[in-house]
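Working notes for the structure below.
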Amino acid sequence: KNTEMSGSGRTLLEALDHWSKVQPDKLLHTFLDDHGTEVDTLTYKDLLDKSAALAQHLLAPTRQNGAGLKPGDRALLVYLPSLDFITAFYACLRAGIIAVPVFPPDVRKAKKDLYMFSAIQSSSGALVALTNKTFNYAKKLSGVQSFFSKDSGNGTWPDIKWIVTDSVIQAAKGGDGFESCSPSLDTPAFLQFTSGSTSEPKGVIVSHGNLAHNLDLMVTGVGASETTVQVSWLPLYHDMGLIGSYLGLLYSGGTGVYMSPVSFVRNPPLWMETMSKYRGTHASAPNFAYGLTARKFLAKRPQPLLDLSCVEHMINAAEPIHWIDVERFYAVFEQAGLKRGVIFPTYGLAEHTLFVCSNGKQVLTVNKTILESEQRAVEVADSGDPNAYEVVGCGYPGQAKGVDLKIVRQDSSEASDQVGFHALAQDEVGEIWVRSRSRAEGYWGLEEKTAEDFGGQLVDKEPDGFLEVGSNPMGFLRTGDLGFMHNDELFICGRMKDLIIIRGRNIFPQDIERAVEDAFVGKLRGGCSAAFAVTTKDGTEAIHLVAEVVEGFKDFDVSALADEMRSTIAKGQGVSVSGVYLLKPRTVEKTTSGKIARQWCKRALKNGTLQSIFEWFDDSADSAEKDASAAEKEQQPAAENRPALAVSLEEMTDDDILNAVVETVAVDVLKTSTESIMEDVNKPITSLGLNSMEGMQMLSLLEGKLGTSIPQEILFEEETTLLNLIPVIRNGGKIGARTTRIDLAALAGRGKCKTDKQRLDWVWRVSTKSSWRTGEMPPAAPFDISKENEQTATRILTFAFSVGHVWEPALTAAVTLILASIVFALTGNLTWTLGAGAVGFVAGQVLLVKSIRKEIFQRAADLRWRRALVEFFSCKLILEADLEPNAKYLIVSDAKSSSSLQRRLAHVVVGSMHETATGFTPVCLSSSNKGSAFDLLERLLVGGMGSKDTTEQWRASEATAQMKPPATISGAKAALRSGSSVIWDLAEERDISDLVDLAMTSGAQLLPCVTVAGDLTESTPQKRQPLSVIYGAPILVPHTSKPYKTLVAGFKDTLLTELGSLNEKFVIPRGKGVEMTK
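This is the structure we're talking about:
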């Protein structure tokens, strides 16, 4: 299978160079939207070229309009999920700049994200932040700065320079000649700030050597190669997403398909649908994703047909593994061909770059009491034993080349000969220590913490072979994780800092959390509870538990639920709980990677900031920490009374709906007061500070509450406010049809599309939609044209119309007259003279006309004439409805909207960009004015953007012209039956019945069309005027071999009505100018 050595000790930059040479045009990354539609792609060469252009800009001095950075500087990477992040990451590596991935902050989100962003910037010392236009940082920053200035004690917002990288790359002339830096193996590649589930985040220094070794370990461990197809939704700012799903994929030479975490949360089955569609072989996800995907797929109707026989390796990591979720996943997807044994529990952590070991296989049932009290794993035969506890193996460290992993415990007893840390035998529980070339360099700027966590030394004699540069013994990484080895496989028990010790017994918090979540499905939200120890007044520890309730918590007794939870824990876990706090949905503290942050929850309890709806605690075991904030807690209500929703949407008043919307945004999404949001209901939603992930969350919550799906496309538009969402909700989420204006001049300036995904992205970027509320289209911005392009367009138009209307007829007539005169003078025979005249006409057409056309063609081919003409006329394509690239259209161009010359010129010039704008190229047939000037223009526009091989272009244009059907109904019929769409220039109304008949018999859709072409005339074709082609909504006609006359007549009237509406909407009488009226 491995035809190339996927890893072979290369650095990541060497791997990028290697694969870009071996397979430059192979798709590397494909990014999907919420519906699984491709929105962006990168080939290996694309990534090489774009990262070079950006790296060049980052290193260029400011006097050359560059960023002025130098190797070793740090740069924050602040992106919503997109491929722009990965381009920026490689640009930093190639420039020697230390990348710092961060979660994109937002002023209205939890304050901790803002503090985190500020703390990471301060810790890293980064002076620039790389982002893209999608993040729209300018609007957000004003709110962020305001927040920091108003809230005393918040500190200051970092003063950093923001660089919009997609704009930089778009404006760049390319990175030709750029040479990547050649860093040493111990040079920092990037800083991976830990998610901080048990402490404040720290910047892990990942060197180029660390990255190379870890990628080699991972690629070998999971069996990746250039045939690998990775499918992932993991976030890029997290190590499992960045290294495991993106960098490892490039290192192996494979192909990756990606989506946003928001897309997965909104539609978990999309993950497996994408695996099936793209024949995915590898994937990675935390444990919860497997259970969630299985549940949501079972509930989906209709269930899509999947083929998962292609799956080879799926990593389950980043959180405690519940084997029941894995079994549920297998049970659901086995029918789709998923093989058992492809899901592998895996262990890793940021301080070891990412990967430690994988391919876990064993599932043990051990005695829970002995595990907790004696720190030993003892298997039990009877799974029904009340002390039975299931643990899952996470792989075999011994199979990972160069990885030394130990289970360690400190022995400080007087009976011990040597006080210190000792390696334990199999089945003994202790802290996991690991060392290898993947062990990171330490924490950025934290020397003492680095020495403590990365300098672990055992009392036992060390084996040879683990030496740092400088021959200093390599210390062990002290992971802080608890585990044991069994049959050479690693098992994880929990985190040392999360460990709860009650009367000498070690209690793992995830056991308590899992017990209540499993017992109260439908009342508690899965994966949203946290157990932790709190110091009591007498200095002992007591267990406190916070847990989120589900959305419909008003339907059950929360007090009784808390009592049942305490009873369940006491019976199942053998411990008592001293505090139970039921929280509002989506308010429990989590890290940016989605892990429960138990220490943050503990801090929130201490500070009195838990958003609880019910609290119970044992006064006799109350904590000293909690007493410190009792006065503050007394001033805050334990629960905020939510406005009750009416039984149905029809029974709700507008105020009810507005209250529901405001509450959802304030309480569930932005974690702020409803009063502050109610003040802004007339302001654009964009001003509220919602990022795209939170916006999707809001839509999802509103759909669940109100039963209405609000269109995503309107969410972040300037005219959308919370108040004007009310009529949309009342209308079942429907909005009126919207007009799309595609700026073809801007589109032509982007060059030639390489893929359909790139085409769609370009079209989206140059399109403007009409208001979803009023239907009005914003005025088009004037499009400036360079003097060179204006001269080129004028020259080509003058050539075409001079040759087509003057030179060609004159030359043909001259040749005909001269040859006829010579023959008549020699013979005096009229018949011979007429014959000679006919021969002269043909000779003039074939020899002179073609030679002149070819000469003009070859002159024009090097002048980028298509772009020049499209820019000259500021061409627009306006769509009243979306068009399907694979559909077949009979486009009927109205003869009343403009003159024949204007329509023909509009269709020829706009038609040159038709395929780029819509995905298909229609054949333009005209029932009148088939002048040679337009034929010549069409031939000039066949070749695209000016190929150097003008001879081949000329032959292509000649072949296309010869294949073009005649401008007759039979010619249109032939074109439609061949699969092409056709533009018919409607000269007379009587043609319409024939056209309707033709659409019905040829399987086409009727598409009404009008043109806007200013006041151009044959004498002034080179006058600069706007050219626009407007398509109405397609008219779907039934397809039949024998159309009924009454049907034909009815659709004829419909077509005439639609053409009249388009004229009324977009065109005013000629002679007064032409403009967009709406």
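Numbering (full-length UniProt numbering), first residue to last: 1 to 1078. Each residue gets a CB set at the ideal place from its N, CA and C atoms; glycine is no exception. These numbers were taken from a predicted model, which means no experiment stands behind them.
Residue j and residue i - do their beta-carbons sit closer together than 8 Å?
| i | j | result |
| --- | --- | --- |
| Val249 | Pro101 | Note that residue 249 corresponds to Leu in the displayed sequence, not to Val. Not closer than 8 Å, so no. |
| Lys602 | Leu744 | no |
| Ala547 | Ser529 | yes |
| Leu247 | Leu215 | yes |
| Gln335 | Ala283 | no |
| Leu1007 | Val892 | yes |
| Lys888 | Leu976 | yes |
| Leu883 | Ala1004 | no |
| Ala317 | Met218 | no |
| Pro201 | Thr194 | yes |
| Cys310 | Gly341 | no |
| Lys133 | Thr87 | no |
| Ser124 | Gly203 | yes |
| Pro61 | Tyr79 | no |
| Phe178 | Ala55 | yes |
| Cys357 | Leu446 | no |
Starting from the Cα of residue i, find the closest Cα among the options and give me that residue.
| i | options | result |
| --- | --- | --- |
| Val265 | Leu699, Cys924 and Thr827 | Leu699 |
| Ala212 | Asp1053, Phe190 and Gly494 | Phe190 |
| Leu16 | Tyr1031, Ala530 and Ala52 | Ala52 |
| residue 1161 | Leu12, Thr87 and Ala289 | Outside the shown range of the chain (1 to 1078) lies residue 1161, about which nothing can therefore be said. |
| Leu715 | Gly733, Leu1036 and Leu925 | Gly733 |
| Ile243 | Thr353, Gly337, Ser263 and Ala530 | Thr353 |
| Pro727 | Lys787, Met652, Thr740 and Pro779 | Met652 |
| Asp488 | Pro61, Asn359, Ser184 and His544 | Asn359 |
| Arg730 | Val665, Ala1004, Val661 and Leu747 | Val661 |
| Ser578 | Ala533, Leu59 and Trp600 | Ala533 |
| Gly36 | Ile315, Met275, Gly828 and Thr916 | Met275 |
| Val667 | Leu610, Thr686, Phe617 and Pro711 | Leu610 |
| Glu372 | Asn387, Leu583, Leu834 and Pro711 | Asn387 |
| Thr1001 | Ser970, Gln1025, Trp984 and Ile983 | Ser970 |
| Leu58 | Ser122, Val168 and Pro24 | Val168 |
| Ala223 | Asp186, His544, Ala400 and Ser184 | The question names Ala, but residue 223 in the sequence shown is Gly. Here the closest residue by C-alpha is Ala400. |
Ignore the nearest five residues each way along the sequence and tell me which others in residue i's own chain have a CB closer than 6 Å to its CB.
| i | result |
| --- | --- |
| Leu83 | His29, Phe31, Asp40 and Leu42 |
| Glu513 | Ser529 and Ala531 |
Residue i to residue j, Cα distance in whole Å?
| i | j | result |
| --- | --- | --- |
| Thr1011 | Thr755 | 29 Å |
| Gly736 | Trp772 | 6 Å |
| Leu702 | Leu292 | 21 Å |
| Tyr1031 | Ser709 | 29 Å |
| Ala285 | Phe344 | 11 Å |
| Arg10 | Pro397 | 22 Å |
| Ile992 | Ala1049 | 9 Å |
| Met678 | Val669 | 14 Å |
| Val332 | Asp385 | 28 Å |
| Lys173 | Lys45 | 16 Å |
| Gln375 | Leu13 | 45 Å |
| Leu690 | Asp680 | 13 Å |
| Ser252 | Asp382 | 44 Å |
| Thr916 | Leu995 | 27 Å |
| Phe476 | Lys26 | 40 Å |
Tell me which same chain residues have a C-beta within less than 7 Å of the C-beta of residue i, skipping the five on either side of it?
| i | result |
| --- | --- |
| Pro637 | The predicted position of Pro637 is uncertain, since its pLDDT is 32 and thus under 50; a value taken from the coordinates is nonetheless stated next. Excluding positions up to five away in sequence, the list is empty. |
| Ala519 | Thr568 |
| Lys523 | Val549, Val550, Phe556 and Leu561 |
| Thr1054 | Ile1035 |
| Ser180 | Leu13 and Arg94 |
With a CB to CB cut of under 8 Å and the five nearest residues on each side skipped, what residues in its chain are close to residue i?
| i | result |
| --- | --- |
| Lys161 | Ala67, Leu127, Val128 and Ala129 |
| Ser20 | Tyr44, Lys45, Leu47 and Leu48 |
| Val558 | Val549, Leu582, Ile613 and Phe614 |
For residue i, decide whether its Cβ has a neighbour in chain C, counting only Cβ atoms nearer than 8 Å.
| i | result |
| --- | --- |
| Pro268 | The structure shown contains no chain C, having only a single protein chain. |
Original post:
So, do the stretch 401–413 and the stretch 323–332 have three or more beta carbon pairs nearer to each other than 8 Å?
Top reply: no
Subject >> Three-pair Cβ contact test at 8 Å for the stretch 822–831 versus the stretch 905–916 >> reply: no
Original post:
Okay, do the stretch 479–486 and the stretch 428–435 touch, 3+ Cβ pairs below 8 Å being the bar?
Top reply: yes
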